[in-house]
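Participant: All residue numbers in the sequence shown are consecutive under my numbering, ending with 287.
Think of the CB as a built atom: it goes at the ideal place given N, C-alpha and C, for glycine as much as any other residue.
Would you mind keeping the following structure in view while I ask a few things?
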Amino acid sequence: FSATPKKLMPVPDDSDLAKKVRFENCLKIIFGLCMSISVALGLYTTTIFTIMSIYSKTALGMGLQSDYYKWFDACWTYRKWGFLSFLGTILTFNASWILSLILIYDDIRWLAL
Numbered sequence: 175f176s177a178t179p180k181k182l183m184p185v186p187d188d189s190d191l192a193k194k195v196r197f198e199n200c201l202k203i204i205f206g207l208c209m210s211i212s213v214a215l216g217l218y219t220t221t222i223f224t225i226m227s228i229y230s231k232t233a234l235g236m237g238l239q240s241d242y243y244k245w246f247d248a249c250w251t252y253r254k255w256g257f258l259s260f261l262g263t264i265l266t267f268n269a270s271w272i273l274s275l276i277l278i279y280d281d282i283r284w285l286a287l
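Dropping the structure here:
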């Protein structure tokens, strides 16, 4: 993604060219948002499942199976949001990848117009 153009271009006076520049600027902004959201959701997912894994292995290693089951049942909402965050990471990363291709290659840019 380092080759993806990320600088916003100034809008020229020519109306036809201005429409194209505005469209590309919008794509660049959406690309940046998708990448930022993807990273944030990925951090949340990684943190949740790492902490859950550490706590689970610690409890089971200490022989606290009944307490582990209670804790596991009590934390279902965190697992649910962690999984939804994982799905959001996949979706936003794929969207940013497609936007990157559109921004890099002029040959396929007509698909978006």
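Inspect the beta-carbon positions of G288 and T251 and report whether they are closer than 8 angstroms.
Facilitator: Here the chain comprises residues numbered 175 to 287, so residue 288 is not present and cannot be evaluated.
Participant: Please list the terminal residues of the continuous alpha helix (DSSP H) segment that includes M209.
Facilitator: Translated into the one-based positions of the sequence shown, residue 209 becomes position 35. Where M209 is concerned, the enclosing alpha helix (DSSP H) stretches over 189-235.
Participant: Considering just the uninterrupted stretch of the alpha helix (DSSP H) at K326, what are its terminal residues?
Facilitator: Not covered by the structure: residue 326. The range shown for the chain is 175 to 287.
Participant: Express the C-alpha separation of I222 and L265 in angstroms, rounding to a whole number.
Facilitator: Position 91 of the sequence shown holds residue 265. Position 48 of the sequence shown holds residue 222. If you take the alpha carbons of L265 and I222, they lie about 19 angstroms apart.
Participant: Whose CA, out of F260, K254, Q239, I203, lies closest to the CA of S270?
Facilitator: Working through the sequence shown from its first residue, we reach residue 270 at position 96. Of F260, K254, Q239, I203, the residue nearest in Cα terms is I203.
Participant: Using beta-carbon positions only, say whether L273 and C208 come within less than 8 angstroms of one another.
Facilitator: The sequence position of residue 273 within the sequence shown is 99, counting from 1. The sequence position of residue 208 within the sequence shown is 34, counting from 1. Cβ atoms of L273 and C208: closer than 8 angstroms.
Participant: Give me, in chain order, the residues of the same chain whose beta-carbon lies closer than 6 angstroms to that of A186; leave out the 5 immediate sequence neighbours on both sides.
Facilitator: Sequence index remark: in the sequence shown, residue 186 carries index 12 (1-based). Residue identity check: residue 186 is Pro in the sequence provided, not Ala. Taken in chain order, the residues that qualify are A192.
Participant: Does I276 pass the burial test, meaning 16 or more other C-beta atoms within 10 Å, or should it be called exposed?
Facilitator: On the sequence shown, position 102 is the one that residue 276 refers to. By the neighbour-count rule (16 or more Cβ atoms within 10 Å), I276 is buried.
Participant: Restricting to Cα atoms, I'd like to know which of S227, L182, D190, I211 is closest to E198.
Facilitator: Against the sequence shown, residue 198 aligns to sequence position 24. Ranking the options by Cα distance to E198, first place goes to L182.
Participant: Between F246, A214, F205, which lies nearest to L258 when the distance is taken from Cα to Cα?
Facilitator: As a working note, residue 258 is residue 84 in the sequence shown. Taking only the C-alpha atoms, the option nearest L258 is A214.
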